[in-house]
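Asks:
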Amino acid sequence: MPELPEVETVVRYLRPHLVERTIVGFTAHWPRVTAPALPKDFARQVAGRVIRAVRRRGKYILLDLDRGHVHLHLRMTGWLLALPSGDPEASSQPHVTAGFDLSDSRRLVFRDMRKFGRVGYLDDLAPLEARLGPEPLSSRFTPRVFHRLLQGRRRRIKPLLLDQSFIAGLGNIYVDEALFLARIHPETPASRLNFARTRALHRAIQEILTDSIQHDGTTIINFQYGDGNTGRFREKLRVFRRAEQPCPVCGTPLAKIRVAQRGTYLCPACQVP
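Residue numbers for the sequence shown follow the numbering used here, beginning at 23 and rising by one.
1) Cα separation between Phe138 and Leu94?
2) Taking Pro181 and Ala75 to be in contact with their CB atoms under 8 Å, please state how far apart those CB atoms are, rounded to whole angstroms.
3) Mapping DSSP to helix, strand and coil, what is Ile227?
4) Entirely within the region 182 to 245 and at least 3 residues each: give me those beta strand (DSSP E) ranges in chain order.
5) Using DSSP with H/G/I as helix, E/B as strand and the rest coil, what is Asp88?
6) Any idea what DSSP makes of Phe64, helix, strand or coil?
7) Buried or exposed, going by whether 16 or more other CB atoms sit within 10 Å of the CB of Pro58?
8) So the alpha helix (DSSP H) Phe168 belongs to, where does it begin and stop?
9) Going by alpha carbons, who is nearest to Val68 out of Lys81, Pro53, Arg43, Gly80?
10) Would you report the Cα separation of Pro78 and Glu25, rounded to the nearest angstrom?
11) In terms of residues, what are the limits of the beta strand (DSSP E) holding Pro106?
12) Keeping to the same chain, check which residues put their C-beta closer than 7 Å to that of Phe245; ignore five residues upstream and five downstream.
13) The ligand ATP heavy atoms versus the CB of Ala69: any closer than 8 Å?
14) Tell me which residue opens and which closes the alpha helix (DSSP H) that Leu150 is part of.
15) Helix, strand or coil, according to DSSP, for His93 in the structure here?
16) Helix, strand or coil: which one does DSSP assign to Thr31?
17) May I ask which residues mark the beginning and end of the beta strand (DSSP E) holding Tyr247?
18) For the region 130 to 137 against the region 164 to 177, do three or more pairs of beta-carbon atoms, one drawn from each stretch, fall closer than 8 Å, so that the two count as touching?
19) Reducing DSSP to helix, strand and coil, say where Pro53 ends up.
20) Under DSSP, the beta strand (DSSP E) around Arg284 begins and ends at which residues?
21) Let's test the definition: count the other Cβ atoms within 10 Å of the Cβ of Ala152 and tell me whether it reaches 16, buried, or not, exposed.
22) The beta strand (DSSP E) that contains Ala277, what's its start and end?
23) Give the straight-line distance between the Cα atoms of Arg263 and Pro290, rounded to the nearest whole angstrom.
24) Spatial neighbours of Thr220 within its chain, please: CB distance less than 8 Å, with the 5 preceding and 5 following residues excluded, ordered by chain position.
25) Can you round the beta-carbon distance between Arg184 and Leu231 to whole angstroms, since I take them to be within the 8 Å contact cut?
26) State the Cα-Cα distance for the pair Thr31 and Pro38, rounded to the nearest angstrom.
27) Counting only the same chain and skipping the five closest in sequence on each side, list residues whose C-beta sits under 6 Å from that of Tyr35.
28) In three-state terms, what does DSSP make of Leu259?
29) Per DSSP, what kind of secondary structure is Arg176 in: helix, strand or coil?
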C-alpha cells in the first residue's frame, strides 16, 4: 500500500493538473469506488465544484473544493493519471474504476487493478481528521510531543506506529526502516522508550520520509503515478525485503519475523529486544 512518501509524490504530480480546474463530470466504472455513497450521489456533490488545492493528509489525497472536499485513498494498487480527454489513452486505460472530467478538457483517471481504492466527498473534514493522528513531518510533531504520545502505551512500537490514529501516513516499509535507523527492536513496548530513544526514532522517521519523498517514494511491486512513473527509493532501503543479506552497519544477516501479522525486517544484532 502506498505510504506517506508515495502519496505525497502523487499529490505533487496532480497539483499542476488540477488546481483551479472545475469538475464538470464524474463517471464510476466500478460501482463500489464511491462506497458507501452511490456514484450518482457523489457525481452530484462534486459537479461544478472548483478544485482550489490538492494536498495530502496521512495516506489520503485531498482535493479542497470551493465548497467541500474530495478524498481519495489508493489502497493497494490505485494509480492516478491526468490525460487530455481526447487522448485515446483516457478511455482505453485498463482497470479504470473512476474518472473526473475537468474544465480544461482533461480527464483524471483512477486505475485500480484490485479495486480497493475509494473516492468520497465530505462537506467538512472533521470526521476524517478525528480518525487520524499527527503528521510526522509537521513542525508541531516534535520529539517532546512524540514522547508524550508514547507514555503509558503498552503496545509494541511497530504496531503502534502503523496505527493511523496514532501517527498518520506510516506503513510497513518506513516503520521497519525507521526502527532500524534508530536501533529499536519492533517488539519493544512503546512505554519503555526513554526520551533519548524517542528522539532518535523521531529523527529516523523524519529522515527516512524526507529522503523517500526526494526519490519519489518506493516502488516494490505496484506503485506508479502519472505516465507510468515509479519510485526510486527502493535502492536505498536498508532492511526492508533484505532478509539474509548482510546488515549495512554490522554485517550480521538481516532477519524477517512476524509482528502483529506483518512481515517485519530487522537486524538481530543492531536491534536487540
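Note that the Cβ used here is the ideal one computed from N, Cα and C, for glycine as well. If you're wondering where the values come from, they're calculated on a predicted model, not measured in any experiment.
Replies: Once the coordinates are examined:
1) Residue numbering aside, residue 138 sits at position 116 when the sequence shown is read from its first letter. Residue numbering aside, residue 94 sits at position 72 when the sequence shown is read from its first letter. The alpha-carbon atoms of Phe138 and Leu94 are separated by roughly 11 Å.
2) Within the sequence shown, numbered from 1, the residue matching residue 181 stands at position 159. Within the sequence shown, numbered from 1, the residue matching residue 75 stands at position 53. The pair is not a contact, with the Cβ atoms about 33 Å apart (cut-off 8 Å).
3) Your numbering for residue 227 matches position 205 in the sequence shown. In the structure shown, Ile227 adopts helical secondary structure according to DSSP, grouped into three states.
4) Taking only runs of at least 3 residues, no beta strand (DSSP E) segment lies wholly in the region 182 to 245.
5) For this step, residue 88 is matched to residue 66 along the sequence shown. Here Asp88 sits in coil by DSSP.
6) Counting from 1 along the sequence shown, the entry for residue 64 is found at position 42. Note: Phe64 maps to helix in three-state DSSP.
7) By one-based count along the sequence shown, residue 58 stands at place 36. Classification for Pro58: exposed.
8) Taking the first residue of the sequence shown as 1, we reach residue 168 at position 146. Here the alpha helix (DSSP H) through Phe168 covers 165 to 172.
9) By 1-based counting over the sequence shown, the position of residue 68 is 46. Residue Arg43 is the option with its Cα nearest to Val68.
10) As a first step, residue 78 must be located in the sequence shown, where it is residue number 56. As a first step, residue 25 must be located in the sequence shown, where it is residue number 3. At residue 78 the sequence reads Arg, which differs from the Pro that was named. Cα to Cα, the separation comes out at about 11 Å.
11) In the sequence shown, counting from the first residue as 1, residue 106 sits at position 84. 100 to 106 is the extent of the beta strand (DSSP E) around Pro106.
12) Residue numbering aside, residue 245 sits at position 223 when the sequence shown is read from its first letter. Closer than 7 Å at the Cβ level, and outside the excluded window around Phe245, lie Pro24, Glu28, Gly239, Thr252, Gly253.
13) No copy of the ligand ATP occurs in the structure displayed, which carries no ligand at all.
14) If you number the sequence shown from 1, residue 150 lands on position 128. Start and end: 148 to 151.
15) Counting from 1 along the sequence shown, the entry for residue 93 is found at position 71. Note: His93 maps to strand in three-state DSSP.
16) Position 9 of the sequence shown, counting from 1, holds the residue named residue 31. DSSP places Thr31 in helix when its eight states are reduced to three.
17) Indexing the sequence shown from 1 puts residue 247 at position 225. In the DSSP assignment, Tyr247 falls outside any beta strand (DSSP E), carrying neither H nor E.
18) Fewer than three pairs of CB atoms, one per stretch, sit closer than 8 Å, so the region 130 to 137 makes no contact with the region 164 to 177.
19) On the sequence shown, residue 53 is found 31 positions in, with the first residue counted as 1. In the structure shown, Pro53 adopts helical secondary structure according to DSSP, grouped into three states.
20) Here the question's residue 284 lines up with position 262 in the sequence shown. 284 to 288 is the extent of the beta strand (DSSP E) around Arg284.
21) Translated into positions along the sequence shown, residue 152 becomes position 130. Exposed.
22) The count along the sequence shown starts at 1 and reaches residue 277 at position 255. Segment 277 to 281, the beta strand (DSSP E) holding Ala277.
23) Sequence index remark: in the sequence shown, residue 263 carries index 241 (1-based). Sequence index remark: in the sequence shown, residue 290 carries index 268 (1-based). If I take the Cα positions, the gap works out to 15 Å.
24) What you label residue 220 is simply residue 198 of the sequence shown in a count that begins at 1. When the five nearest sequence neighbours on each side are left out, the beta carbons in the same chain lying within less than 8 Å of the beta carbon of Thr220 are those of Pro165, Phe168, His169, Leu172, in order along the chain.
25) On the sequence shown, position 162 is the one that residue 184 refers to. On the sequence shown, position 209 is the one that residue 231 refers to. Residue 184 is actually Leu in this sequence, not Arg. That pair is no contact at about 14 Å.
26) Start at 1 with the first residue of the sequence shown, and residue 31 comes out as number 9. Start at 1 with the first residue of the sequence shown, and residue 38 comes out as number 16. Straight-line Cα distance between these residues: approximately 13 Å.
27) As a working note, residue 35 is residue 13 in the sequence shown. Closer than 6 Å at Cβ, skipping near neighbours: Tyr247, Gly248.
28) Working through the sequence shown from its first residue, we reach residue 259 at position 237. In the three-state DSSP reduction, Leu259 falls in the coil class, being neither helix nor strand.
29) For the purposes of this step, residue 176 is taken as the residue at position 154 of the sequence shown. In the structure shown, Arg176 sits in coil (DSSP, three-state: anything other than H, G, I, E or B).
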